[in-house]
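Below is one structure, written out as structure tokens, with a few remarks after it.
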Amino acid sequence: MGGGTGSGLGTFVLNVLEDEFPEVYRIVTSVYPSAEDDVITSPYNSVLAMRELTEHADCVLPIENQSLVDIVNKIKHMSHSGKLGAEIKQSSTIISGQGGVKGQEKPFDAMNNIVANMLLNLTSSARFEGSLNMDLNEITMNLVPFPNLHYLVSSLTPLYTLADVNVPSRRLDQMFSDAFSKDHQLIHSDPKHSLYLACALIVRGDVQVSDLRRNIERLKPSLPFVSWNQEGWKTGLCSVPPVGHSHSLLALANNTCVKPTFIELKDRFMKLYKKRAHLHHYLHVDGMEQSCFSEAFSSLSSLIEEYNQLDATKGLLMTDAQRLNIAV
Amino acid sequence: MYTVAFPSFCVHGPRHEEDIMDLVRREVEKCDRLGGFFNMMSMAGGTGSGMGTYITQCLRDTYPHSFILNQVTWPYGTGEVIVQNYNSVLTLSHLYQSSDAILVHENDTVHKICAQLMNIKQISFKDVNKVIAHQLGSVLQPAYTEGASEYNRNPLGDLMKSMVCHPEYKLLGLRNIPQMSETSLAYSVFTWPGLLKHLRQMLIANAKMEEGIDWQVRPPAGGLPPAEKGTHNKQLRFNTSLANLLILRGKDVQSADTGGFMDPALYTSWLPPGVASSTWRTPMSFNRYEKSATLVSNSQFLLKPLDGIVGKAWNMFASRAYVHQYTQFGISEEDFLDSFTALEQIIASYTHL
Chain Y
1 MGGGTGSGLG TFVLNVLEDE FPEVYRIVTS VYPSAEDDVI TSPYNSVLAM
51 RELTEHADCV LPIENQSLVD IVNKIKHMSH SGKLGAEIKQ SSTIISGQGG
101 VKGQEKPFDA MNNIVANMLL NLTSSARFEG SLNMDLNEIT MNLVPFPNLH
151 YLVSSLTPLY TLADVNVPSR RLDQMFSDAF SKDHQLIHSD PKHSLYLACA
201 LIVRGDVQVS DLRRNIERLK PSLPFVSWNQ EGWKTGLCSV PPVGHSHSLL
251 ALANNTCVKP TFIELKDRFM KLYKKRAHLH HYLHVDGMEQ SCFSEAFSSL
301 SSLIEEYNQL DATKGLLMTD AQRLNIAV
Chain U
1001 MYTVAFPSFC VHGPRHEEDI MDLVRREVEK CDRLGGFFNM MSMAGGTGSG
1051 MGTYITQCLR DTYPHSFILN QVTWPYGTGE VIVQNYNSVL TLSHLYQSSD
1101 AILVHENDTV HKICAQLMNI KQISFKDVNK VIAHQLGSVL QPAYTEGASE
1151 YNRNPLGDLM KSMVCHPEYK LLGLRNIPQM SETSLAYSVF TWPGLLKHLR
1201 QMLIANAKME EGIDWQVRPP AGGLPPAEKG THNKQLRFNT SLANLLILRG
1251 KDVQSADTGG FMDPALYTSW LPPGVASSTW RTPMSFNRYE KSATLVSNSQ
1301 FLLKPLDGIV GKAWNMFASR AYVHQYTQFG ISEEDFLDSF TALEQIIASY
1351 THL
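Those sequence lines, one after another, are chains Y and U.
Quick note: the first sequence, position 240, residue 240 per the working numbering, numbers continuous.
Position in the second sequence (from 1) plus 1000 gives the number in the working numbering.
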């Protein structure tokens, strides 16, 4: 989202897809810029792109580079990091494209591998059989209660190969707990202290429905759900595990914890926009006007406001809506 | 067939209607005599709730005089599909119009049967389905109806005749005992009085399975005016019935005394027990159980779960969450309100039994 190609061409393609195939769901994986991003105009690019994503994507999975780096470092330091799988290159010499050799080599391959795995797990039910199939359109259907609030926090376990193939139940439960720990999230946020609107669990491997139910019961009390969706869980079971693992779990949460990320984006945008810095580069281009910026900004603001309204209901004791009265 | 919850009712149903009805017609034409249709579906997800309801409607339109029995799987209370409450509300309200009777299986109950009675540690859907198949088999396998000496020729018709006397009351529940693991079966002996006593208490106390039955619940003493009876029963947690059908299979079945089910106190005041209660006795044993007793009942047993589902769906509807997913496929807010109204009506009718 920070660079030009992704934010610009990417969202243009999104629009084209919507025009050509209006009934097909569009699920977008976007990489959000970190605070020390190389591209100076990344706040502009991101906010302009956000508006497109809010209006034209059905579902967005935000990823943060910093989270991916943390996960890769964690894998490197794991004590049983025997076989990490062929895709992860231990020593990567890929150099950052933004000019000059960086002091620290950025292991993009390893980071990309994590996102690739997340996408594989997402589509596993569509590619393999299972006792409880979950198609891609079911993700949108179940996780998006209001059209604009379609930003999902993803977390993936396991991040490394389990040494023991015959995993006893205790380890299986650990997998579920890990999915809800901050270390496994692909974006920095705090879902446990915000409000869950909905949550999906996509499980692969030899896991039965009773294991799934048991873990949901176990984790539910510590996860705050919005009042009208107290049992907002969507589950999918695919029998084929990923290569090198005996099972895996992808958790997708629609949670108000994405709000701080958006607020930060908004603040960084304002810092530049207040001074109209670098704006002339954009306005030179045919079709770009100042109104694009102000509209994108207000789109982001109203999105944040929608999340605010939901957050306001957190912790309040909501009375049940009055039921219809039938004359007997 | 991939579907998007209830919208399959609006999009995929019509698209495949011709092919499906063609297949049905071919099967119907092969029959010497059409007994009726038995549809099995779930209520929570997309295919079952949407397509299943649409097909039932098509069947009703094409075969207006045939019996249609829908077996519906009630979702786990803690959620399998987030919009399951909406789907359930829409499904039940539509089915009530086209189907003759709706036979309900609750996933939570069947799951408990697997865990507590069958002693299965890691329960899979295969185990759950096996229990449901066993329960359905105990009803649908050939049987001798009341007073008959040969197998019934019209099982669905006989079932409807016994169970559904009024179009407002179509919700049927099933209890089958004994149900246990193979290893336990080898060491168990059953008597008809024992089985029937348990079944009767399960009915009265609204127990879903043969464990944790509340023996404190008793039918009310007669003589209460109908208006007071409702609240009195609620206090006693007593389950009032509209109709009960006992299906007994196995050894010495003719000797079984089913008098306990003829007690007028079990039934609503406007139905005499002679009409409301019937028994089918078949000497053949069923599925390795020397004696097997099934109770199909039309009673208040589903009131609480139904009220729960409607309540949760209503709360969600109040915030209009997920409604845009349905409106984009042609199910409007008015449709939702119609469905809610229909279900509140059903809840009110069953409450005042």
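Note that beta-carbon positions come from the ideal geometry of N, C-alpha and C, so glycine has one too.
Do you know offhand how far residue i's Cα is from residue j's?
{"i": "U:L1196", "j": "Y:V28", "result": "60 angstroms"}
{"i": "Y:I40", "j": "Y:Y32", "result": "14 angstroms"}
{"i": "Y:N45", "j": "Y:F176", "result": "36 angstroms"}
{"i": "U:P1219", "j": "U:D1257", "result": "19 angstroms"}
{"i": "Y:R218", "j": "Y:F225", "result": "14 angstroms"}
{"i": "U:P1283", "j": "U:T1294", "result": "14 angstroms"}
{"i": "U:Q1201", "j": "U:S1042", "result": "29 angstroms"}
{"i": "Y:I202", "j": "Y:L156", "result": "10 angstroms"}
{"i": "U:Q1328", "j": "U:E1182", "result": "50 angstroms"}
{"i": "Y:K89", "j": "U:V1131", "result": "Note that Y:K89 scores a pLDDT of 34, beneath 50, so its modelled location is shaky and nothing firm can be said."}
{"i": "Y:I114", "j": "Y:V13", "result": "24 angstroms"}
{"i": "Y:A57", "j": "U:D1019", "result": "34 angstroms"}
{"i": "Y:T235", "j": "U:I1120", "result": "22 angstroms"}
{"i": "Y:S125", "j": "U:S1269", "result": "52 angstroms"}
{"i": "Y:A110", "j": "Y:M141", "result": "32 angstroms"}
{"i": "U:S1292", "j": "U:R1153", "result": "22 angstroms"}
{"i": "Y:F146", "j": "Y:Q309", "result": "13 angstroms"}
{"i": "U:S1098", "j": "U:N1129", "result": "26 angstroms"}
{"i": "U:R1033", "j": "U:L1266", "result": "36 angstroms"}
{"i": "U:S979", "j": "U:D1263", "result": "Since the displayed chain U opens at 1001 and closes at 1353, residue 979 of chain U lies outside it and no answer follows."}
{"i": "Y:L324", "j": "U:M1316", "result": "14 angstroms"}
{"i": "Y:S81", "j": "Y:H245", "result": "Low confidence applies to Y:S81: its pLDDT is 43, below 50, so where it sits in the model is not reliable enough to give any reading."}
{"i": "U:Y1144", "j": "U:V1104", "result": "24 angstroms"}
{"i": "U:T1053", "j": "U:E1344", "result": "19 angstroms"}
{"i": "U:S1138", "j": "U:R1237", "result": "28 angstroms"}
{"i": "Y:E64", "j": "Y:V258", "result": "12 angstroms"}
{"i": "U:G1260", "j": "U:G1194", "result": "12 angstroms"}
{"i": "Y:S34", "j": "U:N1085", "result": "40 angstroms"}
{"i": "U:S1332", "j": "U:H1324", "result": "9 angstroms"}
{"i": "U:M1160", "j": "Y:Y151", "result": "50 angstroms"}
{"i": "U:E1211", "j": "U:A1115", "result": "11 angstroms"}
{"i": "Y:L136", "j": "Y:L303", "result": "24 angstroms"}
{"i": "Y:P221", "j": "U:E1106", "result": "24 angstroms"}
{"i": "Y:L195", "j": "U:E1080", "result": "20 angstroms"}
List the whole-angstrom C-beta distance separating residue i from residue j, where the pair is believed to meet the contact cut-off of C-beta under 8 angstroms.
{"i": "U:R1175", "j": "U:L1199", "result": "6 angstroms"}
{"i": "Y:L237", "j": "Y:V207", "result": "6 angstroms"}
{"i": "U:K1170", "j": "U:T1109", "result": "So it is not a contact: roughly 19 angstroms between Cβ atoms."}
{"i": "Y:W228", "j": "U:A1321", "result": "6 angstroms"}
{"i": "Y:P242", "j": "Y:N133", "result": "About 17 angstroms; that fails the 8 angstroms criterion."}
{"i": "U:Q1179", "j": "U:I1113", "result": "6 angstroms"}
Could you name the residues of chain Y that residue i contacts, counting a contact when the two beta carbons are closer than 8 angstroms?
{"i": "U:S1124", "result": "S131, Q208, V209, S210"}
{"i": "U:G1311", "result": "D320, R323"}
Any C-beta of chain A sitting closer than 7 angstroms to the C-beta of residue i?
{"i": "Y:P224", "result": "The chain labelled as chain A is not found among the protein chains of the depicted structure, namely Y and U."}
Can you pull the chain U neighbours of residue i, defined as C-beta to C-beta under 7 angstroms?
{"i": "Y:N142", "result": "V1081, I1082, V1083"}
{"i": "Y:R204", "result": "Result: empty, since nearest Cβ-Cβ is about 16 angstroms, beyond 7 angstroms."}
Under 7 angstroms between beta-carbons, which chain Y residues line up against residue i? List them in chain order, please.
{"i": "U:M1021", "result": "Within 7 angstroms Cβ-Cβ: nothing; U:M1021 doesn't reach chain Y, min ~25 angstroms."}
{"i": "U:W1314", "result": "A321, R323"}
Taking C-beta pairs closer than 9 angstroms, name the residues in chain U that residue i reaches, listed in chain order.
{"i": "Y:R127", "result": "Neighbours of Y:R127 on chain U: none; closest Cβ ~13 angstroms, over 9 angstroms."}
Give me the chain U residues within the contact set of residue i, using Cβ-Cβ distance strictly less than 8 angstroms, ordered along the chain.
{"i": "Y:R213", "result": "Y1076, T1078, H1111"}
Near-chain U residues of the stretch 229-256 of chain Y - C-beta to any C-beta below 7 angstroms = N229, E231, G232, W233, K234, T235
key: Interfacial residues, the stretch 1319-1344 of chain U to chain Y, with Cβ spacing under 7 angstroms   = S1319, A1321, Y1322, H1324, Q1325, F1340, T1341, E1344
task = Note down, in chain order, all residues in the stretch 1065-1094 of chain U with a beta-carbon under 9 angstroms from any beta-carbon belonging to chain Y.
result = Y1076, G1077, T1078, G1079, E1080, V1081, I1082, V1083, Q1084, N1085
request  = Identify each residue in the stretch 143-159 of chain Y for which the Cβ-Cβ distance to at least one residue of chain U is less than 7 angstroms, and report them in chain order.
outcome  = P145, F146, P147
query = Can you list, in chain order, the residues of the stretch 180-198 of chain Y whose Cβ is nearer than 9 angstroms to any Cβ on chain U?
reply = L197, A198
query = For the stretch 1044-1065 of chain U, which residues have a CB atom closer than 9 angstroms to at least one CB atom of chain Y, in sequence order?
reply = G1045, G1046
query = What residues from the stretch 1292-1308 of chain U come within 8 angstroms of chain Y, judged by C-beta to C-beta, listed N to C?
reply = none
request  = Kindly provide the ranges of any beta strand (DSSP E) runs that are 3 or more residues long and lie completely inside the stretch 1052-1085 of chain U, ordered along the chain.
outcome  = 1068-1074
Whole beta strand (DSSP E) elements within the stretch 1158-1199 of chain U, 3-residue minimum = 1171-1177
request  = Pick out the complete beta strand (DSSP E) segments inside the stretch 113-192 of chain Y, 3 residues or longer, and give them in chain order.
outcome  = 152-157
query = Can you list, in chain order, the stretches of the beta strand (DSSP E) that have 3 or more residues and sit fully within the stretch 1090-1125 of chain U?
reply = 1101-1106
query = For the stretch 210-273 of chain Y, which segments carrying the beta strand (DSSP E) assignment without a break, of at least 3 residues, lie completely within its bounds, in sequence order?
reply = 233-238, 247-255
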